[in-house]
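Structure, as structure tokens:
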Amino acid sequence: MFTVDVNGFWRYSVDEEFMVPRGNLIRAPGGSRERFVSLSLSNALEWTLSRYFDATIIHTHIFPGPFIRETGDHPDTSFFEGTVRFRF
689 MFTVDVNGFW
699 RYSVDEEFMV
709 PRGNLIRAPG
719 GSRERFVSLS
729 LSNALEWTLS
739 RYFDATIIHT
749 HIFPGPFIRE
759 TGDHPDTSFF
769 EGTVRFRF
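So the number in my numbering is just where the residue sits in the sequence shown, counting from 1, plus 688.
Okay, structure coming up:
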């Protein structure tokens, strides 16, 4: 199965920093009034190898939004994930 996901990330308030769920600071407000943080595009491909095994490959590309561009270095970011699962 092939899936595509698009996710947008915004700050609730222009006075808030941008943090990951576990609480690590990604970017301080830095005086930016922008709320839009970034857009991510993910592609996933899942194979069922047998009754007990499946495998997944995911590629995600993150496009920085105005808030990221205004508050520091802002390269696009990509990452890949590969997973093999055994069910018993």
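Glycine included, each C-beta is placed from N, C-alpha and C at the ideal position.
Rounded separation between P754 and D761 - CA only
In the sequence shown, counting from the first residue as 1, residue 754 sits at position 66. In the sequence shown, counting from the first residue as 1, residue 761 sits at position 73. The straight-line gap from Cα to Cα measures roughly 12 Å.
Limits of the alpha helix (DSSP H) - the one that H754 falls within
Here the question's residue 754 lines up with position 66 in the sequence shown. The sequence as given places Pro at residue 754; His does not occur at that position. Note, P754: alpha helix (DSSP H), P754 to E758.
Can the beta-carbon of T765 be found closer than 8 Å to that of I750?
What you label residue 765 is simply residue 77 of the sequence shown in a count that begins at 1. What you label residue 750 is simply residue 62 of the sequence shown in a count that begins at 1. Yes, Cβ-Cβ distance for T765 and I750 is below 8 Å.
Spatial distance of T736 from E704 (CA atoms):
As a working note, residue 736 is residue 48 in the sequence shown. As a working note, residue 704 is residue 16 in the sequence shown. Whole-angstrom Cα-Cα distance: 43 Å.
Contact under 8 Å by Cβ, S728 with T748:
As a first step, residue 728 is located in the sequence shown; it is residue number 40 there, counting from the start. As a first step, residue 748 is located in the sequence shown; it is residue number 60 there, counting from the start. Yes, the pair counts as a contact, with Cβ atoms nearer than the cut-off.
Which of the three DSSP states is assigned to V725 in this structure?
As a working note, residue 725 is residue 37 in the sequence shown. It is a strand residue.
Please give the ranges of any alpha helix (DSSP H) in the region 694 to 751, keeping only runs that are unbroken, at least 4 residues long and fully inside the region.
none
Just verifying my parser: in three-state terms, what is the DSSP assignment at R775?
Residue 775 sits at position 87 when you count from the first residue of the sequence shown. Looking at R775 - three-state DSSP - the assignment turns out to be coil, as it is neither helix nor strand.
Note down the Cα distance separating I756 from V708, rounded to an integer number of angstroms.
What you label residue 756 is simply residue 68 of the sequence shown in a count that begins at 1. What you label residue 708 is simply residue 20 of the sequence shown in a count that begins at 1. Taking the straight line from one Cα to the other gives about 14 Å.
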